[in-house]
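I have placed the structure first, in the form of structure tokens, so that the comments after it can refer back to it.
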Ligand SMILES: NC(=O)c1ccc[n+]([C@@H]2O[C@H](COP(=O)([O-])OP(=O)(O)OC[C@H]3O[C@@H](n4cnc5c(N)ncnc54)[C@H](OP(=O)(O)O)[C@@H]3O)[C@@H](O)[C@H]2O)c1
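Residue numbers (this note's numbering): 1 to 273.
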């Protein structure tokens, strides 16, 4: 990112200078949100754009939905582009990041959000291909995308890496061993990155929602389970994608200069840790 010229602000009150600098800094940031054609990713793309970032809306299959997110952002005066890439495919991800670099420069903020498929079943019925496959997909995606965005962040000495985990990484629920185990690996991966990348000015954090409405999985869970989840939530409802996006946006912001290696629980108090 080029240095910010504040000389024209010499006569502006100090508080306003801080706000103007923050806004213009956000405006020059480029955020890549993986899996942003729906759910939490789409809400995050919209919010980061609203906060002034230029946003890459990555998707796998849902081109129309991704283009709709881009259209919404542009209609609101923001900057966005949709790019199809399978986050598990190193060549496709490298091509995506190169395309972003050619148009906007390097990625400053990565939101690793894409949700690869997983089996929901008890261990007794599970094959190694199901458990091992999800572990491989989850970690390969995190590894590949992080590798692709890191050189530009390292070069400029500033970056924000944010990964989506799930409360299931700590709190087992029947049937969710594949997702919970792979997210637990992702959380520890993020901590190791936070340690190694801190000296380069790169923060690494995890956002860990409980059940979120208006997402892929919420459409397949039955109403009885939904009511039980609400009853177990002190704040009296399920999270909405926007609740999660707010926390991601904080981690992505200029204001988050000194929090790294942490996990934010966004579950309305359903699990307290
Ligand atoms: N929903 C919840 O209750 C909940 C709870 C805790 C944590 N989370 C976490 O939050 C994140 C987002 O979940 P969500 O429920 O919002 O997801 P979602 O609504 O199911 O959407 C999944 C997104 O991931 C994309 N995607 C899937 N495979 C991909 C791949 N290989 N490459 C690129 N993009 C891919 C999809 O794109 P296409 O549609 O284009 O294929 C879609 O945009 C996930 O990491 C999830 O584990 C969700």
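C-beta atoms are modelled at their ideal positions from N, C-alpha and C, and glycine is treated no differently.
What you are looking at is a predicted structure, and each value in this text was computed from that prediction instead of being measured.
When DSSP labels each residue in this structure, what does residue i get in the three-state scheme?
| i | result |
| --- | --- |
| residue 151 | helix |
| residue 163 | strand |
| residue 199 | helix |
| residue 103 | helix |
| residue 23 | Summary for residue 23: the model assigns pLDDT 49, below 50, so the residue's position carries little reliability; its value from the coordinates is reported in the next sentence. The answer is helix: DSSP assigns residue 23 an H, G or I state. |
| residue 74 | helix |
| residue 144 | helix |
| residue 233 | coil |
| residue 223 | helix |
| residue 181 | helix |
If you measure from the CB of residue i, is any heavy atom of ligand 1 nearer than 7 Å?
| i | result |
| --- | --- |
| residue 174 | no |
| residue 205 | no |
| residue 268 | no |
| residue 37 | yes |
| residue 273 | no |
| residue 33 | no |
| residue 248 | no |
| residue 116 | yes |
| residue 199 | no |
| residue 29 | no |
| residue 58 | yes |
| residue 162 | no |
| residue 68 | no |
| residue 86 | yes |
| residue 40 | yes |
| residue 240 | no |
| residue 83 | no |
| residue 113 | yes |
| residue 233 | no |
| residue 169 | no |
Under 8 Å, Cβ to Cβ, is there at least one residue of chain D near residue i?
| i | result |
| --- | --- |
| residue 52 | Annotation note: the requested chain D is absent from the structure, which comprises a single protein chain. |
In the DSSP assignment, the beta strand (DSSP E) including residue i goes from what residue to what residue?
| i | result |
| --- | --- |
| residue 217 | First-last for residue 217: undefined, no H or E at that position. |
| residue 259 | From DSSP, residue 259 is part of no beta strand (DSSP E); its letter is neither H nor E. |
| residue 31 | 30 to 33 |
Pull up the DSSP beta-bridge partners for residue i, would you.
| i | result |
| --- | --- |
| residue 58 | 83 |
| residue 174 | Answer is none; residue 174 lacks a bridge partner. |
| residue 209 | 266 |
| residue 112 | 163 |
| residue 239 | 212 |
| residue 134 | The partner list for residue 134 (beta bridge, DSSP) is empty, contrary to what the question assumes. |
| residue 204 | 161 |
| residue 121 | 176 |
Looking at the unbroken alpha helix (DSSP H) that takes in residue i, where does it start and where does it end?
| i | result |
| --- | --- |
| residue 48 | 39 to 50 |
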